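What follows is a single structure, written as C-alpha cells, with notes after it.
In mature numbering (1 follows the signal peptide of the UniProt record, and there is no 0), the protein residues as written are -23 to -1, 1 to 99.
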C-alpha cells in the first residue's frame, strides 16, 4: 500500500511539475487550468484503484485512460499496480496465507487486468 501511494504521489508530482504555471494569472488554482484538471484526474484514478469493487471505478479509469493525451501514463500506472499486486499474490501463495487476503489480491489482479483491457480496446 505504501508503494501505491508513493507511485501515485510521484506520478502526480511529475505531471504537475511538467505543466506550466503562471503565478501572475493564478492559473494554478483556476479550475479550467490543465494543471488542476490533471490533479483531479490523478485523484480520481487513485481513488478508483483503492475501490476495485465499486462499478464506478472501472468507468473512471476507462474515462481517463481512453484519452490519448493520458493513455500511456495511465496504462503504465495500471501495469505498475498490477505488478505490485501480482507480487503480493505470489507471496501469499508461497506462504499459504489465509484465503481472505489471497482472494482480495485475486480480485485486485482481475480488476487491474480488466481496466487495462478496457483502455486498450477503446
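All C-beta atoms, glycine included, are put in the ideal place defined by N, C-alpha and C. Model, not experiment: these values are computed from the prediction.
C-beta atoms of residue i and residue j nearer than 8 Å
i          : j          : result
residue 41 : residue 21 : yes
residue 35 : residue 91 : yes
residue 96 : residue 38 : yes
residue 89 : residue 59 : yes
residue 52 : residue 93 : yes
Integer-rounded CB distance, given that residue j should sit under 8 Å from residue i
i          : j          : result
residue 86 : residue 57 : Between residue 57 and residue 86 the Cβ distance is about 13 Å, and since that is not below 8 Å, they are no contact.
When the options are compared against residue i, the one with the closest alpha-carbon
i          : options          : result
residue 50 : 11, 7, 10 and 18 : 18
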